[in-house]
Amino acid sequence: MLTFTLPGPLRSVARSHQTIVYDALFRASAEAAQHLARDSRFVGGQIGLVGVLHTWARDLSYHPHVHYLVPAGGLADDGQTWLPSRSDFLVPVKALSHLFRAKFRDSLRKTDCLASVPAGVWEQDWVVHCQPVGNGLTAFQYLAPYIFRVALSNRRIVTVEDDRVTFRYRASGTGETKFCTLLAEQFIHRFLQHVLPRSFVKVRYYGLFSPGHRQQLSALRQQLGAPLAEPASRAADSNTFAAPLVEPSLLTATDKVDAVEVPSTGSRLPAPATDADPFDAPPTGSLPPVPPADLNTPSSPSSPSVMVSPHRVRCPACGQLMQRQATLPPHGRSPHEW
Ligand SMILES: [Zn+2]
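332 is the number of the first residue of the sequence shown in my numbering; add one for each residue after it.
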């Protein structure tokens, strides 16, 4: 899984020009990954990416980033040969971060937004993480709920009283349950900044997963012994999942989605186990005293990934738990940096 994060100084520009900046974030990150993967020292071919945009951290602060699921390999120039990458290494993240930054700047150059960006942002290091996630199913199950969810479920709202709202969240890194109390207007502001522009496509497919590569992808699946995909449905012509736009917590037992369809392949995967999502796990212990209103935006969880157990790590961008292979290098590092 690749994760690309917008640096802090760019967030105010992103908030004011969401469509432009989110599009640039998708385009620059996908192009950078594909460009580097084509290098024969790494994959040497065309990779495939499916990406989902996240804009919030656990405390609802504004933290735009994109997660991509990327198969460990690519298609050779002959259009037929599968080139597997190493199981623990895809591309060097430092080079990827530099390329991502350069392509993002090029993308903004075509808009009116570039002048609003602080010059220092082009000098600082941008955060990119590359993490092996096994066959990707676990990562997919954790990412999928974000396609349907809004930034906060009702279950996480603890109290609404005296013009203040208290909600709980799990601290990134420690996993500790914390409580955030905001004035109602501040709470509404923090929540609404995660409402995407109308019709914005938050799940996108690139490279081998793009619609133009369906035949090659199908041939590769057969070559690699993958189960045959079910016939493509109407969703195959869409760029988003054909699933109800309803928060999972609001679905009734009979409404619940048993499976979601991958439009690029037509295959179906089990629906995410939303009850197991640590974001919405019920708090343990009793509610602590309500702190004074938090008038400042909490710091974003941009710290390095935290190993929860030998087999699980927490995403540095949004705090999700991911399956980890114990023998692999830490989040975002190549074996050479291990
Ligand atoms: Zn995330």
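Just so it is clear, CB atoms sit at the ideal spot from N, CA and C, and this is done for glycine as well. Remember, it's a predicted structure, so these values are computed and weren't measured experimentally.
What are the start and end residues of the beta strand (DSSP E) that includes Leu414? Taken as a continuous stretch (DSSP letters only), the beta strand (DSSP E) holding Leu414 covers 413-415.
Spatial distance of Ser598 from Arg552 (CA atoms): Its pLDDT being 48, under 50, Ser598 is placed unreliably by the model, and nothing is read from it.
Of all the beta strand (DSSP E) runs that stay within the bounds of the segment 411-470, which reach a length of 3 or more residues? Runs found: 413-415, 459-461.
First and last residue of the beta strand (DSSP E) that includes Phe335? 333-336 is the extent of the beta strand (DSSP E) around Phe335.
Contact between the segment 429-449 and the segment 388-407: three or more CB pairs below 8 Å? At 8 Å Cβ cutoff, the stretches do not touch.
Starting from the Cα of Cys461, find the closest Cα among Thr350, Ser360, Val352, Tyr353 and give me that residue. For Cys461, the nearest C-alpha among the options comes from Ser360.
Do Trp453 and Arg436 have their CB atoms nearer than 8 Å? In contact: Trp453 and Arg436 (Cβ atoms closer than 8 Å).
Relative to the C-alpha of Val491, which residue among Ile519, Arg480, Val464, Ala475 is closest? Ile519 is the residue among Ile519, Arg480, Val464, Ala475 whose C-alpha sits nearest the C-alpha of Val491.
What residues in its chain sit with their C-beta under 6 Å from that of Arg545, if we drop five residues either side in the sequence? Sequence-distant partners of Arg545 (beyond 5 residues in either direction) whose C-beta falls short of 6 Å from its own C-beta are missing from its chain.
beta-carbon His429 near ligand 3 non-hydrogen atom, thresh 7 Å: For the structure depicted, ligand 3 is absent and the ligand set comprises only ligand 1.
Whole-Å CB distance - Glu507 paired with Arg501, under 8 Å assumed: Rounded to the nearest angstrom, the Cβ distance from Glu507 to Arg501 is 7 Å, consistent with a contact under 8 Å.
Return yes when the Cβ of Phe357 is within less than 8 Å of the Cβ of Gly339, no when it is not. By the CB criterion at 8 Å, Gly339 and Phe357 fall outside the cutoff.
Alpha-carbon to alpha-carbon, His385 and Phe479: Going by the C-alpha atoms only, they are around 12 Å apart.
I'd like to check one pair, Val397 with Phe335: are the Cβ atoms closer than 8 Å? Contact: yes.
Any heavy atom of ligand 1 closer than 7 Å to the CB of His385? Within the cutoff, so yes.
Report yes if the C-beta of Gly396 is less than 7 Å from at least one heavy atom of ligand 1; otherwise report no. Just to set this straight, residue 396 is His in the shown sequence, not Gly. His396: yes, Cβ under 7 Å from ligand 1.
How should Gln411 be labelled, buried or exposed, when 16 other C-beta atoms within 10 angstroms of its C-beta is the threshold for buried? When all chains shown are included, Gln411 counts as exposed.
Given that a residue counts as buried once 16 or more other Cβ atoms are within 10 Å of its Cβ, and exposed if not, what is Gln365? Per the 10 Å Cβ criterion, buried.
Spatial neighbours of Leu367 in its chain, beta-carbon cut-off 7 Å, leaving aside the 5 residues before and after: The residues are Phe373, Val422, Ala426, Leu427, Leu430.
Since Pro415 and Ala345 should fall inside the 8 Å C-beta cutoff, what is the C-beta to C-beta distance between them, to a whole number of angstroms? In fact, because the Cβ distance is near 36 Å, the residues do not count as touching under 8 Å.
Minimum C-alpha distance to Thr505 - residue among Thr497, Arg389, Ala446, Gly379: Minimum Cα distance to Thr505 is reached at Arg389.
Identify whether Glu362 lies in helix, strand or coil by the three-state DSSP scheme. Residue state, collapsed to three classes: helix.
Buried/exposed call for Ser447, threshold 16 Cβ in 10 Å: The residue in question, Ser447, is exposed, as its Cβ has fewer than 16 Cβ neighbours within 10 Å.
In whole angstroms, what is the alpha-carbon distance linking Lys533 and Thr350? Note on geometry: alpha-carbon atoms of Lys533 and Thr350 lie some 11 Å from one another.
Alpha-carbon to alpha-carbon, Asp409 and Ala482: Separation of Ala482 and Asp409 (C-alpha to C-alpha, rounded to the nearest whole angstrom) is 44 Å.
Let me know if Glu455 comes out buried or exposed under the rule of 16 or more other beta-carbons within 10 Å of its beta-carbon. Here the sequence assigns Gln to residue 455, which means Glu is not the residue at that position. Its Cβ having fewer than 16 others within 10 Å, Gln455 is exposed.
Under a Cβ-count criterion, where at least 16 other Cβ atoms within 10 Å of its own Cβ denotes burial, should Arg521 be classed as buried or exposed? Residue burial is scored here from C-beta neighbours: Arg521 has at least 16 other C-beta atoms within 10 angstroms and is therefore classed as buried.
For Ser418 and Glu362, the rounded distance between their alpha carbons: Between Glu362 and Ser418, the alpha-carbon positions lie close to 22 Å from each other.
8 Å contact criterion, which Phe540 and Leu380 should meet: CB distance rounded: With a Cβ gap of about 6 Å, Phe540 and Leu380 count as contacting.
How big is the Cα-Cα spacing for Ala433 and Ala475? C-alpha of Ala433 to C-alpha of Ala475: approximately 29 Å in a straight line.
With H, G and I counted as helix, E and B as strand and the rest as coil, what does DSSP make of Thr505? Note: Thr505 maps to coil in three-state DSSP.
What's the call for Leu406, buried or exposed, on a 16-neighbour Cβ count within 10 Å? Around the CB of Leu406, 16 or more other CB atoms lie within 10 Å, so the residue is classed as buried.
Report the three-state DSSP secondary structure of Val344 (helix, strand or coil). It is helical.
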